[in-house]
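Chains as they are written, first to last, in my numbering: chain A, 659 to 779; chain B, 659 to 779. Working notes for the structure below.
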DNA sequence: TATTGACTTAGACTAGACTCTAAATGCTAT
DNA sequence: ATAGCATTTAGAGTCTAGTCTAAGTCAATA
């Protein structure tokens, strides 16, 4: 699969794909005889995972750490699990924060709708 | 209230408070005779709102737009409501995205825990 | 064969949101 | 009154995560 096809499939840019490869989140992707990337199914699986985690706000740094551990082999399984568990906690907290803000936002909108808005911002 | 007290109360830095004031999210905050900020209750209310919305990911740009509309008076009520409704939608989508990612993360952790991990990242 | 368009690289640039620095002034305690 | 810490300003610097540019290569088409 070409970079363009992958980019379209996952709704991201060619630049971002090359950038992820450069920082070591994916690949190195195989190139054909004339130097053009040809993404494998395994590459696609990784990209999907990375994309999903990035969209949830996991940093490139933490994902890189996870990928590096994975590359080191089975001996890092427990460490990888712990890393993911930490990110799970952070994510749960973030979702909680956002849900609280959403509730406040909804309440304020309700004040607008019922014209019970007070004099403050 | 001094900038330091406000910063502590809301767990942010003096710099951030001055920055928010510079870009027009709050204030201008009153200064005492020797030029030092003295935050009013109204300032605090604003800061709390801004802080909450920022923590949910609303951009400074959009919050500035909201504040500017507020400053223009009652004639902008409907526009403000619409702005908030749009942000509500975005926020709901973001929470959904994050919840989906969280589910995948939990599933992967479960694979680690039960040692059913497949050979992929 | 010439052009067009996709791909490649290295490296510069950008946006957003702070965060820090320097130099000046002010407040408090000794 | 002097030290030592907090505050002020303008403006520079930082960090993250891309995004863009320039210069070059390659394959397919007119």
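Yeah, the Cβ is synthetic: ideal placement off N, Cα and C, and Gly gets one too.
Subject >> Residue interval of the alpha helix (DSSP H) (run including residue 672 of chain B) >> reply: For this step, residue 672 of chain B is matched to residue 14 along the second chain. Its alpha helix (DSSP H) spans residues 672-680.
Subject >> Separation of residue 738 of chain B from residue 769 of chain A, as counted between CA atoms >> reply: In the first chain, residue 769 of chain A corresponds to position 111, counting from 1. In the second chain, residue 738 of chain B corresponds to position 80, counting from 1. Near 12 Å, if we compare the C-alpha coordinates of residue 738 of chain B and residue 769 of chain A.
Original post:
Run through DSSP, which three-state label would residue 688 of chain B get?
Top reply: Taking the second chain and counting its residues from 1, one reaches residue 688 of chain B at position 30. DSSP places residue 688 of chain B in coil when its eight states are reduced to three.
**OP:** Flag residue 757 of chain A as yes if its beta-carbon sits less than 8 Å from any beta-carbon of chain B, otherwise no.
**Re:** Translated into the one-based positions of the first chain, residue 757 of chain A becomes position 99. Yes, residue 757 of chain A lies at the interface with chain B (some Cβ there is under 8 Å from its Cβ).
**OP:** Would you kindly work out how many angstroms separate the C-alpha atoms of residue 764 of chain A and residue 734 of chain A, rounded to a whole number?
**Re:** For the purposes of this step, residue 764 of chain A is taken as the residue at position 106 of the first chain. For the purposes of this step, residue 734 of chain A is taken as the residue at position 76 of the first chain. Looking at the two C-alpha atoms, the distance is approximately 44 Å.
Original post:
How would you list, in chain order, the residues of chain B whose beta-carbon sits under 8 Å from the beta-carbon of residue 715 of chain A?
Top reply: Working through the first chain from its first residue, we reach residue 715 of chain A at position 57. Ordered by position in chain B, the residues that pass the 8 Å Cβ test against residue 715 of chain A are 756.
Original post:
Mind checking whether residue 711 of chain B and residue 714 of chain A have CB atoms under 8 Å apart?
Top reply: Reading the second chain from its first residue, position 53 is the one you call residue 711 of chain B. Reading the first chain from its first residue, position 56 is the one you call residue 714 of chain A. Taking 8 Å as the Cβ cut-off, residue 711 of chain B and residue 714 of chain A do not qualify as a contacting pair.
Original post:
Between the beta-carbon of residue 741 of chain B and the beta-carbon of residue 727 of chain B, is there less than 8 Å?
Top reply: As a first step, residue 741 of chain B is located in the second chain; it is residue number 83 there, counting from the start. As a first step, residue 727 of chain B is located in the second chain; it is residue number 69 there, counting from the start. Yes, the Cβ-Cβ distance between residue 741 of chain B and residue 727 of chain B is below 8 Å.
Original post:
Got a sec, what are the start and stop residues for the alpha helix (DSSP H) residue 713 of chain A sits in?
Top reply: Your numbering for residue 713 of chain A matches position 55 in the first chain. Going by DSSP, residue 713 of chain A is part of the alpha helix (DSSP H) stretching over 699-713.
Original post:
Could you give the residue range of the alpha helix (DSSP H) that holds residue 762 of chain A?
Top reply: Here residue 762 of chain A refers to the residue found at position 104 when the first chain is read from its first residue. 735-771 is the extent of the alpha helix (DSSP H) around residue 762 of chain A.
Original post:
Who are the near neighbours of residue 722 of chain A in its chain, counting only those whose CB is closer than 7 Å to its CB and skipping five residues on each side?
Top reply: The count along the first chain starts at 1 and reaches residue 722 of chain A at position 64. Excluding sequence neighbours, residue 722 of chain A sits near 681, 682, 683.
Subject >> Pairwise C-alpha distance: residue 775 of chain A and residue 730 of chain B >> reply: Numbered from its first residue, the second chain carries residue 730 of chain B at position 72. Numbered from its first residue, the first chain carries residue 775 of chain A at position 117. Those two C-alpha atoms are separated by around 15 Å.
Original post:
Do residue 760 of chain A and residue 703 of chain B come within 8 Å of each other at the CB atom, strictly closer than that value?
Top reply: Translated into positions along the second chain, residue 703 of chain B becomes position 45. Translated into positions along the first chain, residue 760 of chain A becomes position 102. In this structure, residue 703 of chain B lies away from residue 760 of chain A, with their beta-carbon atoms at least 8 Å apart.
Original post:
From this set, A/664, A/724, A/752, which residue's C-alpha is nearest residue 700 of chain A's C-alpha?
Top reply: Translated into positions along the first chain, residue 700 of chain A becomes position 42. Of the candidates A/664, A/724, A/752, A/664 places its Cα closest to the Cα of residue 700 of chain A.
Original post:
Shorter than 8 Å from the beta carbon of residue 711 of chain A to some beta carbon of chain B?
Top reply: The sequence position of residue 711 of chain A within the first chain is 53, counting from 1. Output row for residue 711 of chain A: interface = yes.
Subject >> Cβ distance (whole Å) where residue 695 of chain A is taken to contact residue 660 of chain A below 8 Å >> reply: For the purposes of this step, residue 695 of chain A is taken as the residue at position 37 of the first chain. For the purposes of this step, residue 660 of chain A is taken as the residue at position 2 of the first chain. Between residue 660 of chain A and residue 695 of chain A the Cβ distance is about 7 Å, and since that is below 8 Å, they are a contact.
Subject >> Through-space distance from residue 689 of chain A to residue 678 of chain A, alpha-carbon basis >> reply: Stepping through the first chain from its first residue, residue 678 of chain A is reached at position 20. Stepping through the first chain from its first residue, residue 689 of chain A is reached at position 31. Rounded to whole angstroms, the separation of the alpha carbons of residue 689 of chain A and residue 678 of chain A is 16 Å.
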